[in-house]
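Visitor: Before we start, here is the structure in question, set down as structure tokens.
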Amino acid sequence: MAATATGVYHRSYARDLAIHHTRSERVRLALVLALVIVAPFVAGPTWLTVLNQIGIAAIGAIGLNLLVGSTGQISLGQGGFLAVGAYTAGLLTAESGLPFLGGIAAAVLLTAAVGAFFGLPALRLKGLYLAIATLAAQQIILWVIRNWEGVTGGVDALVVPAPTLLGIDLSTDFSFYWVILAFAALSALVATNLLRTGIGRAFVAIRDQDIAAEAMGVNLTRYKVLAFAVSSGFVGLAGALTAYDTKIVTFERFTLDVSILYLAMIIVGGLGSVSGAIYGAVFMIGFPAYIRELSSFGGPLEFIGADLPAVQALIFGLTIVLFLIFEPRGIARIWGRSKDYFRLWPFRT
Amino acid sequence: MEQFIQLTVNGLADGAILTLAALGFVLIYKASGVINFAQGFFLAVGAYVLWTAIVEVGLHWTLGVLVALAVGALLGISVERLLLRPLVGQPIIAVIMVTIGLAQILEASIDLIWGTEPRTFPDFIPSGAVEVLGARITEGRLWALGLTALALIAFGLFFTRSRQGIAMRAVADDQQAAMVMGISVRRTYAIAWALAGVSAVVGGMLVANLTGVSQSVAGFGLLVFPVVILGGLDSVPGAVVGGAIIGLLTSYTGGYIGGGLQTVIPYIALVAILMVRPYGLFGQVRIERV
């Protein structure tokens, strides 16, 4: 956009309703598309795995951001909900031979139902108390998985057969990348549009002032439970994709640390924005992988060696703390500010 | 019967340690409305510093305890100053996440400084056992009960007799009114965090004495949540009763039912209590629509 432009004007309702308004936005979208299409061809096997993890994490983070960032309901139960999705899809495929898409659909629906159930305390609780209630949800779900041996196999790993779609084998990281990409794009599109509907507006109204929202006719009970259900649906999708991607499901992948990792993603990326969730997923999954590569044998950070997990945890903690203190609105805000800087250049904001 | 007494005393002793950890938690929440997810790692840091001072440096245990208490207080004060003061006025999720980030930093730092290998706790606390009505009770647990009682009396006196303690209650009650009366709210926050650090060191010492010095000391930190929710986030007597209830519940479930149910029973109790009395047994009832 030229520096002289004073705003974006629309001459038709169709233009006004479009998700992308300016030419630069469309160019940026095209660039991002080109990047994600080229990426799997240039990435080595290690980074292809990381790319798949990023894609799955982005879906989960978009879901969590709908709940935490947009509706303002804090959830520490993300790990548990991911586990519900992963075990549902994994068990249905491994035990009953349900096809790939069937497993995905079942995982989304069941996780949404479980999420809505554990969202019920939100009708009476908010803030700190809700955070602790969802912490309990996390611990209880994992305990059930560990101890319901007849169904989940307890602490043993659940092996999931490689998925196929329309006769195409999806067992390699490369082929599954496209599936994850499609689901991630779909999730981003659904979440962006959801936030533009009445439901999304109701979510944001509840976050900003729940009492005022209710006075204006937002049914708090309905929308709070709906927020938990919708958010958990995305999380269930992410969980199911994890099961098909790694082909092994164990409860250890879904501990409280995972819940914290996802919360960190949306805080670092930017609360309440879909693109923020994606930035956060890229940063919080990609950065540790980069450190791991740098500290591998012969790398510039080789001296870290066996201390790698501790160093990564230290960086993880510092990232959360520093972002909260210096840029609580995350990478999305940094991106917005740098755009403004160049748009207004040579003037300062 | 013997098993019952054994389980009761063990449960009460565990509950006493939980109460100590919860006390620091409640103090911070009362004074500043912040919930500290890193409380468990305060316990762990206390235990490790104590181990270093006594075993590595070779200080007499009294001196070692004093050093650890000082480090705990300093840790509390610096956390308040460096991490929480910049976040005044931010939404509650920022405050929760910053203490979670702090927990990660403390955990990683312990790993980097002391490694993951468990250490034996220096045995300055008598390790014998006494017979009570036929049940064997280790002296470590009796010390836990005694020290918690002592700490509670000290805190009670502090809050009712000392100027600073009364000032802290005033700030907890109404921050602005306290400011108008000439109380330094900043200093009060700093003291609340310092006291939380001190009580965490005592708690860490008692846990480490029972389980050895390792990261698992911090695991106690998560159990603090059921305790404070049960008792009410802003109630000191609640922390005592909550600690005792959770301690006994865990102990009885472990002894009579087993099968790992004791690890999850505190959380089930937590959800149950939240559904019935969201503000806990003794917490201040806030009348607001949610």
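So the sequences go chain by chain: P and V.
So for the first sequence, the working numbering puts the first residue at -3; every next one is plus one.
So for the second sequence, the working numbering puts the first residue at 116; every next one is plus one.
All residues carry an ideal CB built from backbone N, CA and C; glycine is no exception.
Every value quoted in this text rests on a predicted model; they were computed, and no experiment measured them.
CB valine 87 (chain V) to CB alanine 137 (chain V), shorter than 9 Å?
Guide: One cannot answer for residue 87 (chain V) here, as it falls past the ends of chain V, which runs 116 to 405.
Visitor: Which bits of chain V does glycine 301 (chain P) rub up against, with CB to CB less than 9 Å?
Guide: Simply none; closest approach about 12 Å.
Visitor: Between the C-alpha atoms of leucine 376 (chain V) and alanine 133 (chain P), what's the straight-line distance to the nearest angstrom?
Guide: If you take the alpha carbons of leucine 376 (chain V) and alanine 133 (chain P), they lie about 15 Å apart.
Visitor: Are there three or more Cβ pairs, one per stretch, closer than 8 Å when the region 225 to 239 of chain P is compared with the region 30 to 39 of chain P?
Guide: The region 225 to 239 of chain P vs the region 30 to 39 of chain P: no contact.
Visitor: Whole angstroms is fine: what's the gap from aspartate 289 (chain V)'s alpha carbon to alanine 307 (chain V)'s?
Guide: Roughly 15 Å separates the two Cα atoms.
Visitor: When you compare the CB of phenylalanine 140 (chain V) with every CB in chain P, is at least one pair closer than 9 Å?
Guide: It does not: the Cβ of phenylalanine 140 (chain V) has no partner Cβ on chain P nearer than 9 Å.
Visitor: Along chain P, which residues have their Cβ under 9 Å away from the Cβ of glutamate 232 (chain V)?
Guide: Under the 9 Å cutoff, chain P gives no residues; its nearest Cβ is about 13 Å from glutamate 232 (chain V).
Visitor: Identify whether aspartate 152 (chain P) lies in helix, strand or coil by the three-state DSSP scheme.
Guide: Reduced to three states, the DSSP call for aspartate 152 (chain P) is coil.
Visitor: Looking at C-alpha atoms only, which residue of V:Gln121, V:Met320 and V:Met390 is the closest neighbour of valine 245 (chain V)?
Guide: Nearest C-alpha to valine 245 (chain V): V:Gln121.
Visitor: State yes or no: is the C-beta of glycine 235 (chain P) within less than 9 Å of the C-beta of alanine 103 (chain P)?
Guide: Yes. Within cutoff.
Visitor: With distance defined between alpha-carbon atoms, name the residue in V:Val317, V:Ala282 and V:Ala311 nearest to arginine 302 (chain V).
Guide: Looking at the Cα atoms, V:Ala282 is the closest of the given residues.
Visitor: Less than 7 Å between C-beta atoms, sequence neighbours within five positions excluded: which residues of the same chain meet that for methionine -3 (chain P)?
Guide: The predicted position of methionine -3 (chain P) is uncertain, since its pLDDT is 44 and thus under 50; no value can be drawn from it.
Visitor: Helix, strand or coil for arginine 392 (chain V) per DSSP?
Guide: Residue state, collapsed to three classes: coil.
Visitor: Quick one: using the 10 Å Cβ neighbour count with 16 as the cut-off for buried, is alanine 14 (chain P) buried or exposed?
Guide: Result: exposed.
Visitor: Would you say isoleucine 207 (chain V) lies against chain P (beta-carbon separation less than 9 Å)?
Guide: Cβ-Cβ to chain P under 9 Å: yes for isoleucine 207 (chain V).
Visitor: At a CB-CB cut-off below 8 Å, which residues of chain V make contact with leucine 310 (chain P)?
Guide: What leucine 310 (chain P) touches in chain V: Gln219, Ile220, Ala223, Ser224 and Leu227.
Visitor: Pull up the distance between the alpha-carbon of glycine 358 (chain V) and that of glycine 76 (chain P), whole angstroms please.
Guide: Near 26 Å, if we compare the C-alpha coordinates of glycine 76 (chain P) and glycine 358 (chain V).
Visitor: In chain order, which continuous runs of the alpha helix (DSSP H) of length 4 or greater are located wholly inside the region 274 to 300 of chain V?
Guide: For the region 274 to 300 of chain V, whole alpha helix (DSSP H) runs of length 4 or above, ordered along the chain, are 278 to 288 and 290 to 295.
Visitor: Please list, in chain order, the chain V residues whose beta carbon lies closer than 8 Å to that of valine 317 (chain P).
Guide: Per Cβ cutoff of 8 Å: Leu198, Val213, Gly216, Leu217 and Ile220.
Visitor: Give the residues from the region 34 to 47 of chain P that approach chain V closer than 8 Å (Cβ to any Cβ), ordered along the chain.
Guide: So nothing in the stretch comes that close.
Visitor: Would you check if the distance between the CB atom of leucine 237 (chain P) and the CB atom of valine 175 (chain P) is smaller than 9 Å?
Guide: In contact: leucine 237 (chain P) and valine 175 (chain P) (Cβ atoms closer than 9 Å).
Visitor: Skipping 5 residues on each side, what residues in its chain have a beta carbon closer than 8 Å to that of glycine 347 (chain P)?
Guide: Lying outside -3 to 345, the shown extent of chain P, residue 347 (chain P) is not represented and no answer is given.
Visitor: Would you say asparagine 61 (chain P) faces chain V, with C-beta separation under 9 Å as the test?
Guide: No, because no Cβ of chain V sits closer than 9 Å to the Cβ of asparagine 61 (chain P).
Visitor: Below 9 Å between beta carbons: does that hold for alanine 162 (chain V) and valine 182 (chain V)?
Guide: No, they are not a contact pair.
Visitor: Mind reading off the beta-carbon distance from leucine 78 (chain P) to phenylalanine 312 (chain P)? Whole number of angstroms is fine, and I expect it under 8 Å.
Guide: About 18 Å separates the two Cβ atoms, so there is no contact after all.
Visitor: Count the other C-beta atoms from every protein chain shown that fall within 10 angstroms of the C-beta of aspartate 169 (chain P), then say buried if there are 16 or more, exposed otherwise.
Guide: Buried: at least 16 other Cβ atoms inside 10 Å.
Visitor: Check each residue of the region 132 to 143 of chain P: if its Cβ is closer than 9 Å to any Cβ of chain V, include it; give the result in chain order.
Guide: Against chain V - using a Cβ distance shorter than 9 Å - the residues of the region 132 to 143 of chain P are Ala132, Ala133, Gln134, Gln135, Ile136, Leu138, Trp139, Val140, Arg142 and Asn143.
Visitor: Taking only three categories from DSSP, how would you classify arginine 406 (chain V)?
Guide: Past the edges of chain V, shown from 116 to 405, lies residue 406 (chain V), and the structure says nothing about it.
Visitor: Using only the alpha-carbon positions, how far apart do valine 149 (chain V) and leucine 135 (chain V) sit?
Guide: Taking the straight line joining both Cα atoms gives about 18 Å.
Visitor: Would you check if the distance between the CB atom of isoleucine 70 (chain P) and the CB atom of glycine 123 (chain P) is smaller than 9 Å?
Guide: A contact, by the Cβ cut-off of 9 Å.
Visitor: With a cut-off of 8 Å on the beta carbons, I'd call isoleucine 321 (chain P) and glycine 265 (chain P) a contact; round off their distance for me.
Guide: At roughly 17 Å, the Cβ-Cβ gap does not stay under 8 Å, so isoleucine 321 (chain P) and glycine 265 (chain P) are not in contact.
Visitor: Are the C-beta of isoleucine 330 (chain P) and some C-beta of chain V separated by less than 9 Å?
Guide: Closer than 9 Å: no.
Visitor: Please report the straight-line C-alpha distance between alanine 30 (chain P) and leucine 364 (chain V), rounded to a whole angstrom.
Guide: Going from the Cα of alanine 30 (chain P) to the Cα of leucine 364 (chain V) covers about 58 Å.
Visitor: Taking C-alpha atoms, which residue in P:Gly146, P:Tyr275 and P:Glu289 lies nearest to arginine 329 (chain P)?
Guide: Of the candidates P:Gly146, P:Tyr275 and P:Glu289, the one whose C-alpha sits nearest the C-alpha of arginine 329 (chain P) is P:Tyr275.
Visitor: Going by DSSP in three states, glutamate 246 (chain V) sits in which element: helix, strand or coil?
Guide: In the structure shown, glutamate 246 (chain V) sits in a strand (DSSP, three-state: E or B).
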